[in-house]
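Report on the following structure.
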Amino acid sequence: MSRPASHSHAVHKDYQGAKLGMWIFLFTELLLFGGLFILYSTYRAIYPHDFHAGGQHLNAVIGIINTVVLLTSSLTVAVALSAIQKGSRRLTLQCLGATIVLGILFLANKYVEWSEEIRRGIYPNGPELEKLPNGGKIFYGLYYAMTGLHGLHVLAGVAVLAVMLAFVWKNRVTTTDYVKLENAGLYWHLVDVIWIFLLPMLYLAA
Amino acid sequence: MTNPAVGAVPAAWGYLEQGKRKGIFGWLLSTDHKRIGVLYLATMMTFFSVAVLIGVLMRIEQLTLDPPLFPAQTYNAFFTLHGVIMIFLFVLPGLSAVFGNFFLPIMIGAEDVAFPRLNLASWYFFISGALLAVVALFTGNGPPDTGWTFYAPFSIRTGTNVTLGVFAAFILGFSSILTGLNFITTVHRMRAPGMHWHRMPLFVWSLYATAWIQVLATPILGITLLLVIAERLFGIGVFDPAKGGDPILYQHLFWIYSHPAVYIMIVPAMGAISEIIPTFAHRTIFGYRAIAYSSMAIAALGSLVWGHHMFTSGMADQANVIFSLLTFLVAVPSSIKVFNWTATLYKGSIELKPAMLYALTFIFLFAIGGLTGVIQGALNVNVHLHDTYWIVGHFHYVMFGGTGVGFLAALLYWFPKMFGKMYNQKMAIVAWFPIFVGFNMFYFTMLVLGYMGMPRRYFTHLPQYHEAHVISSIGAFIMAFGLLLFFGNLLVALWKGKKAGADPWGGVTLEWRTSSPPPMENFETLPEIHERPYVFNPEIAR
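Just so you know, the sequences run in chain order A and H. With the working numbering applied, the first sequence covers 68 to 273. With the working numbering applied, the second sequence covers 23 to 564.
If you want it as structure tokens, here you go:
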């Protein structure tokens with residue numbers, strides 16, 4: 068059998084393969100957070116009261132605002148994908164821009180929230196945290212670890228979406244070749260899904 | 023064919039001389055899976071020799087009773103480095119990064135892996151992690167002294183440079199995940215026409231099973247190591263008993279990854295053995311499906327036995343019993359492989375070429391390693407054997423006798439294909455004697471020492487263990503000499519070796535149907551597959 072035109076290494080586009088690779092990568096991300104979820108459940112079983120108190124202390128309003136922000140951003144990234152499929156480059160750019168802004172807004176809220184806790188002396192080895200029982204120290208340790216790691220993922224997602232914005236701008240992601248954007252969107256949804264778990268575990272646990 | 027210059031000549035020196043760039047950058051920036059495989063080989067061999075050297079230094083330390091040659095802290099750094107380098111930079115990427123990269127695409131009739139650029143990125147993650155590990159040795163307050171397991175709470179309290187060492191392991195984990203992801207996608211999407219799942223060579227099956235473990239288990243190590251770093255930098259307390267954290271949870275998380283990881287190390291070696299045995303028995307493999315599925319079974323069962331590293335750490339009795347049972351069960355798929363290899367040899371016309379000799383050695387040593395594993399998987403025996411030289415002996419039988427010798431066998435088998443040159447076969451067999459004799463003196467003595475009660479990781483020993491320690495050390499020196507012969511022989515072959523033909527062994531899988539070394543695109547014409555693998559022409563078998 069003679070080989071098709073793609074004998075050289077240059078052109079090889081396999082969208083299903085690209086998406087398969089992305090999904091496997093998303094599994095690894097889930098398992099990364101899975102380790103933290105195991106720790107959370109174990110310690111919650113050991114220190115139920117301290118975790119309850121910790122949940123009461125955290126600012127659920129900021130948590131819920133951030134949930135709305137992140138869910139909306141998932142919507143805008145989904146619209147961006149539909150828009151590029153339908154050939155509306157302008158709408159794609161607008162929606163990607165909106166997603167990036169919402170991502171940054173999420174991080175800004177997180178900054179306000181963390182600063183407030185730190186100002187109160189609740190941070191690892193902080194004066195107020197030292198007064199809490201062991202379960203409290205673990206709760207806030209996990210709070211910082213989980214929201215911190217999630218925050219890093221939001222940051223990475225914003226960076227990836229910014230690259231996608233540039234790609235759409237330069238017509239490297241187009242209405243016929245949009246798998247990169249689709250994968251970036253999948254990643255952004257994952258960041259969103261993880262947050263959906265973090266919100267009840269940390270803020271609504273009370 | 024887009025480049026007529028490449029296409030016109032069926033390239034005498036194949037991928038070694040073709041490519042977009044010339045010189046060193048032709049290698050460092052190449053996305054060709056074969057070149058990346060060779061890059062891995064070169065880096066891994068460098069680190070392997072360093073770790074062997076450290077191992078020899080440790081054996082020199084045990085030659086003397088009093089006074090010790092190296093201070094205790096130096097010895098602690100030695101076993102940590104030896105473990106970290108051997109595990110993370112040699113046996114873990116091992117066959118999968120070198121031979122997997124080189125041969126997986128060829129064996130399924132593809133041009134390359136699914137994501138060639140990601141593949142190159144994996145190597146860069148690998149080399150960055152390796153370099154960070156080296157930096158960790160010479161900066162901060164001395165090299166890490168925790169052992170390769172980084173057990174909390176010691177790893178969060180010791181003043182040595184653990185943070186950087188742990189971060190290096192994290193980066194290496196990234197490399198492993200990306201390689202696994204790449205291989206899974208490649209197997210799913212890149213098979214040549216007619217290459218059905220049950221026509222894939224068994225090495226490919228083993229890589230596929232391994233890739234799933236890499237993808238599913240490594241993230242757990244990632245988060246565990248990140249938490250150790252967070253613990254050391256910020257003191258978040260999750261593994262610190264002083265703050266209510268539970269160090270046993272560290273052990274759970276660590277072994278949830280690190281037990282499956284030993285199957286990442288051994289399964290590709292089993293795959294290579296499954297290639298070598300039929301080629302030199304000139305007979306189709308016995309129990310193809312059993313061997314293929316047992317790789318998957320090992321991947322699945324192996325993920326559920328991590329607790330057997332922690333029988334003495336303090337777990338519920340029920341958990342201990344279940345983990346012990348599962349440990350016995352995981353021996354089943356491994357023995358299925360051993361029985362099928364043996365059955366393949368039966369009535370085959372066996373040719374004892376060097377690769378075959380090393381493959382048979384693999385079976386012998388792996389059987390000892392596997393069976394000692396079953397012994398220590400029994401709860402009551404484990405209490406006696408835990409943290410003794412028995413354990414050290416056991417895992418060297420599996421990791422070196424298994425993966426290490428499997429690596430040597432694979433190297434002998436595929437070297438002519440990879441570099442187009444033939445080594446001195448007699449010399450490879452001569453090198454086998456010191457390796458085999460030294461190996462058994464070295465590690466079997468450790469099994470005995472452990473049974474007598476010698477604890478591992480001590481810089482010195484009591485007088486009653488002295489004789490055995492001396493025997494073990496002499497074995498180590500003999501083995502190191504054998505390794506020197508082995509690799510010296512291959513290095514000489516790189517310069518002076520005679521040209522090897524396309525199929526020097528009479529192998530029948532796809533890699534033998536292209537020139538040695540293979541051209542940049544692997545095949546002149548895309549192969550089409552009409553039958554299962556390992557069908558030998560009776561005339562070749564003679």
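Even glycine gets a Cβ: it sits at the ideal position worked out from N, Cα and C.
- Three or more Cβ pairs closer than 8 Å define a contact, and the stretch 189 to 196 of chain A falls short of that threshold against the stretch 101 to 116 of chain A.
- Annotation: Cβ neighbours of A:Leu99 in chain H (cutoff 7 Å, chain order): Pro241, Gly244 and Ile245.
- With a 10 Å radius around the Cβ and a threshold of 16 neighbouring Cβ atoms, A:Ser141 comes out buried.
- Against chain H, the CB of A:Ile205 has a partner CB under 8 Å away; the residue lies at that interface.
- With contacts defined by Cβ atoms closer than 8 Å, A:Tyr245 and A:Gly224 do not form a contacting pair.
- Within a 10 Å sphere around the beta-carbon of A:Val235 sit 16 or more other beta-carbons, which makes this residue buried.
- Taken through DSSP and simplified to helix, strand or coil, H:Pro438 comes out as helix.
- Taking the Cα positions, A:Tyr190 is about 15 Å away from A:Asn126.
- The beta carbon of A:Thr159 lies closer than 7 Å to those of Ala147, Ala150, Ile151 and Val235 in the same chain, with the five residues before and after it left out.
- Nearest C-alpha to H:Asp262 among H:Thr301, H:Met332, H:Ser177 and H:Ile286: H:Ser177.
- Within chain A, the C-beta atoms nearer than 9 Å to that of H:Phe137 come from Gly84, Ala85 and Gly88, in chain order.
- Going by beta carbons, A:Leu99 and H:Gly244 fall inside the 8 Å limit.
- In the three-state reduction of the DSSP assignment, H:Pro115 falls in the coil class, being assigned neither a helical nor a strand state.
- For chain A, the residues of the stretch 206 to 237 of chain H that bring a beta carbon within less than 8 Å of one of its beta carbons are Ile206, Thr207, His210, Arg211, Met212, Pro215 and Val237, in chain order.
- At the C-beta level, H:Val78 and H:Ala502 come within 8 Å of one another.
- By the beta-carbon neighbour count (other beta carbons within 10 angstroms, threshold 16), H:Gly181 is exposed.
- If you look at H:Glu39, you'll find it in the alpha helix (DSSP H) that goes Gly36 to Glu39.
- Put simply, the stretch 293 to 313 of chain H does not touch the stretch 249 to 261 of chain H. Fewer than three CB pairs are less than 8 Å apart.
- A:Leu222 has its alpha-carbon roughly 8 Å from the corresponding atom of A:Ile171.
- Contact between H:Ala450 and H:Pro376 is confirmed by a C-beta separation of about 4 Å, below the 8 Å threshold.
- When the five nearest sequence neighbours on each side are left out, the beta carbons in the same chain lying within less than 7 Å of the beta carbon of A:Glu184 are those of Tyr190, in order along the chain.
- Contact annotation: H:Glu297 and H:Phe225 have beta-carbon atoms nearer than 8 Å.
- Here A:Asn192 is exposed: its Cβ has fewer than 16 other Cβ atoms, across all protein chains shown, within 10 Å.
- Chain A places a beta carbon closer than 8 Å to that of H:Leu249, counting this residue as a contact.
- When the alpha-carbon of H:Leu247 is set against those of H:Ser228, H:Met217 and H:Ile193, the nearest one is in H:Ile193.
- In the structure shown, H:Thr207 adopts helical secondary structure according to DSSP, grouped into three states.
- Membership of A:Trp262 in the alpha helix (DSSP H) is indicated by the continuous run Val246 to Leu265.
- For a cut-off of 8 Å, the C-beta gap from H:Gly391 to H:Tyr411 is around 15 Å, too long to register as a contact.
- In the three-state scheme derived from DSSP, where H, G and I count as helix and E and B as strand, A:Lys86 is classed as helix.
- When the alpha-carbon of H:Val514 is set against those of H:His281, H:Thr53, H:Phe441 and H:Trp534, the nearest one is in H:Phe441.
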